[in-house]
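Undergrad:
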Amino acid sequence: MPESAHAMPERRFVYRAAPVGSRLTVVVGPDSVAVEGSWSLDLTDIRSMAFFQGRVGDSQMVRLDLQGSNTKRSISINTGRTGSRSSTDELQFYAALIATLRAVVSVRPEMRVVLGQTGKAQRILFGLGVVAVALGAGLLTAAVVTGVPASKLAAAAVPFSLLILFGSALVRSHWPWRKRAHVLPEELIATLNKAVPELQAEGNRE
Numbered sequence: 052m053p054e055s056a057h058a059m060p061e062r063r064f065v066y067r068a069a070p071v072g073s074r075l076t077v078v079v080g081p082d083s084v085a086v087e088g089s090w091s092l093d094l095t096d097i098r099s100m101a102f103f104q105g106r107v108g109d110s111q112m113v114r115l116d117l118q119g120s121n122t123k124r125s126i127s128i129n130t131g132r133t134g135s136r137s138s139t140d141e142l143q144f145y146a147a148l149i150a151t152l153r154a155v156v157s158v159r160p161e162m163r164v165v166l167g168q169t170g171k172a173q174r175i176l177f178g179l180g181v182v183a184v185a186l187g188a189g190l191l192t193a194a195v196v197t198g199v200p201a202s203k204l205a206a207a208a209v210p211f212s213l214l215i216l217f218g219s220a221l222v223r224s225h226w227p228w229r230k231r232a233h234v235l236p237e238e239l240i241a242t243l244n245k246a247v248p249e250l251q252a253e254g255n256r257e
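Numbering-wise, the sequence shown is residues 52 to 257 according to the working numbering.
#1: Which residue comes first and which comes last in the alpha helix (DSSP H) that contains D140?
#2: Spatial neighbours of M162 within its chain, please: CB distance less than 8 Å, with the 5 preceding and 5 following residues excluded, ordered by chain position.
#3: For E61 and L75, what's the separation of their Cα atoms in angstroms?
#4: To which residues of the same chain is F102 closer than 7 Å at the C-beta, ignoring the five residues directly before and after it?
#5: Nearest CA to the CA of A67: which residue from P81, Q104 and I126?
#6: In angstroms with no decimal places, state the Cα-to-Cα distance between V196 and A208.
#7: Tell me the rounded alpha-carbon separation between P210 and R159.
#8: Answer yes or no: do F64 and A146 have a C-beta to C-beta separation smaller than 8 Å?
#9: Could you give the DSSP three-state label for A194: helix, strand or coil?
#10: Specify, as a first and last residue, the run of the alpha helix (DSSP H) that L235 falls within.
#11: Helix, strand or coil for I215? Go by DSSP, reduced to three states.
#12: Taking only beta-carbon atoms, is A241 less than 8 Å away from chain C?
#13: Under the rule that 16 or more other beta-carbon atoms within 10 Å means buried, what is A183, buried or exposed?
#14: With H, G and I counted as helix, E and B as strand and the rest as coil, what does DSSP make of V84?
#15: According to DSSP, T130 sits in a beta bridge with which residue or residues?
#16: Report, in whole angstroms, the separation of the C-beta atoms of S212 and G180, which I expect to be a contact under 8 Å.
#17: Under a Cβ-count criterion, where at least 16 other Cβ atoms within 10 Å of its own Cβ denotes burial, should R153 be classed as buried or exposed?
#18: Looking at the unbroken beta strand (DSSP E) that takes in S91, where does it start and where does it end?
#19: What would DSSP say about G178, mapped onto helix, strand or coil?
#20: For F144 and A232, what's the separation of their Cα atoms in angstroms?
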């Protein structure tokens, strides 16, 4: 049984959200979650949650999206490939995520967490995938139609094919009409505690 939201004390988590940048403070209270000096969202106003983890180049992003009735807010971190999950910043970030999940489920016990990109970000990535496929296929077709020599065509086919494959992967991953997987907040908390054992030493597992 989720504990009463009003039995939960306010907790503060301070971390650097990117390798270069100032620190931010996430405040999780009995009635709201906020990034100090930026935004605040009432727990009862949260309509859905989504968890995303992905890598682009040397950067990894982890993000929890909180969809309110009129706005979406996010708690996120970007780390370099050399970053350690046991770093102080990442421990504080994951602790903030766990505290937020527990706070939301204390007032919305029926809430589930969607896994993956949602909303505008999902549509943008899907659109980029469509453009990449169309561009790669179009350039390859144009090269064939215009009679590009076989030797040059073979060399050009490699980047064009890679562009098509990249676009296809984006389209499949971010297909807007596909039902997204979802988990219980408690399941995500257990996964985070298992992935980052140091969190238990921080007192974030009850």
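For each residue, glycine too, the CB sits at the ideal point set by N, CA and C.
A quick note: this is a predicted structure, and the numbers were derived from the prediction, not measured.
TA: In short:
#1: First-last of the alpha helix (DSSP H) with D140: T139 to V158.
#2: The answer, listed in chain order, is I97, S99, M100, V155, V156 and P236.
#3: Distance between the alpha carbons of E61 and L75 is about 16 Å.
#4: Within its own chain, the residues whose Cβ lies closer than 7 Å to the Cβ of F102, once the five positions on either side in sequence are excluded, are L115, V164, L166 and L239, listed in chain order.
#5: With the sequence shown as reference, residue 67 is identified as Arg, and Ala is not the correct amino acid for it. When only C-alpha atoms are compared, the closest one is I126.
#6: Near 13 Å, if we compare the C-alpha coordinates of A208 and V196.
#7: P210 and R159: Cα-Cα distance of roughly 49 Å.
#8: Using a Cβ distance threshold of 8 Å, F64 and A146 count as a contacting pair.
#9: Under the three-state reduction of DSSP output, A194 falls in the helix class.
#10: No alpha helix (DSSP H) holds L235; DSSP gives it neither H nor E.
#11: DSSP places I215 in the helix class (H, G or I) of the three-state scheme.
#12: The chain inventory of the structure shown lacks chain C, comprising one protein chain alone.
#13: Flag for A183 reads buried.
#14: Correct three-state label for V84: strand.
#15: Partner(s): Q111.
#16: Not really, about 15 Å apart at Cβ, beyond 8 Å.
#17: So R153 ends up on the buried side.
#18: Its beta strand (DSSP E) spans residues W90 to D93.
#19: Of the three classes helix, strand and coil, the one that applies to G178 here is helix, per DSSP.
#20: So the alpha carbons of these two residues sit roughly 23 Å apart.
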